[in-house]
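Residue numbers (UniProt numbering): 1 to 259.
Shown next, in structure tokens, is the structure this report addresses.
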Amino acid sequence: MDLGIRGKKAIVCASSKGLGRGCAMALAEAGCDLVVNGRNAELLAKTAAELRERFGVKVTEIVGDVSKPEVQKALLAACPDPDILVNNNGGPPFRDFRELDREKILEGVTQNMVTPIELIKAVIDGMASRGFGRIVNITSLSVYVPIPGLDLSSGARAGLTSFLAGVARTVMDRNVTINNMLPGKLDTDRLRGPHEPGSVEDPTAAAKRKAQAAANVPAKRLGTPEEFGQICAFLCSVHAGYLTGQNIPVDGGLYVSAF
């Protein structure tokens, strides 16, 4: 399917690896020029080089933590009039809520709620004036199914979801949409757990770990960043212009609900 976004400009946050990288790959395949972002300069450069080589699109790299104002400023300087914004950022680490002090709580809310709102504020009016805009926020299935130990992540992302539900309806008439993708168990470093950067997992141990993680998923497997990215690209396409303010679980059927 031609997504109708060839030549569009996209900012994809936290896109050097994992789900953000999957989204960047799918948008590049659709013909979008990209601004990619990550904290690890070497990893980001490797991803950017692959995007250019595979898809022949323009790719600009912005290194740093997207929650920092100076990094946001650099992203917007590199692409002042984006057609597409994919908000993504790492969540707070797993810990009992009793271990959270005010500083950690504010940091988590800044990372997973304030930061995407700030970026949306910066780009939404331009999108509306040009008559096209697609905003996708990568949140978490924990918005629907809270996970003890990830309370801060769940709360911040649920806050973002509620905040934007009303905003999404104010720009729909100018062909700007805001939707959220809720990943469940996908095969990323975050699901792998703590490990040394660049370390290679034993194939047998990896297969066992993945089987255990997927045991209660109806699909009986973990999702991939690549298929996650393709769903993101569709939400950014011209074909998704009548879909806004929605939460799309990408979880292999793990979240059980008839509505």
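Even for Gly, the Cβ is constructed at its ideal location relative to N, Cα and C.
Listed as beta-bridge partners of A10 by DSSP are L34, I84.
Counting of Cβ neighbours within 10 angstroms places Q72 among the buried residues, the total reaching 16 or more.
A check of alpha carbon separations from N175 across G166, D202, I124, T161 identifies I124 as the nearest. Taking C-beta separations shorter than 6 Å and ignoring five residues to either side along the sequence, the partners of R6 in its chain run G31, following chain order. The Cβ atoms of R221 and G245 do not sit closer than 8 Å to each other. In terms of Cβ geometry, V36 and V57 do not form a close pair [threshold 8 Å].
Residue pairing by DSSP puts T177 in a beta bridge opposite R134. The DSSP-derived three-state label of N40 is coil.
Looking only at F234, V250, D83, the smallest Cα-Cα distance to A219 is reached by V250.
In the DSSP assignment, I105 falls within the alpha helix (DSSP H) that extends over 102-109. In the same chain as R52, and ignoring 5 residues on each side of it, the C-beta atoms closer than 7 Å to its own belong to V59, in chain order.
In the DSSP assignment, T161 falls within the alpha helix (DSSP H) that extends over 151-170. Of the residues assessed, E103 falls on the exposed side of the cut-off, its CB having fewer than 16 other CB atoms within 10 angstroms.
For V63, the uninterrupted beta strand (DSSP E) run begins and ends at 59-63, by DSSP. For V250, no alpha helix (DSSP H) run applies; the uninterrupted beta strand (DSSP E) run containing it begins and ends at 247-250, by DSSP. Your pair D187 and G223 checks out as a contact, with CB atoms roughly 7 Å apart and the cut at 8 Å. Under a 10 Å Cβ-count criterion, S129 is classified as exposed, with fewer than 16 other Cβ atoms of the shown protein chains found around its own Cβ.
For L254, the closest of G91, G184, E29 by C-alpha to C-alpha distance is G184.
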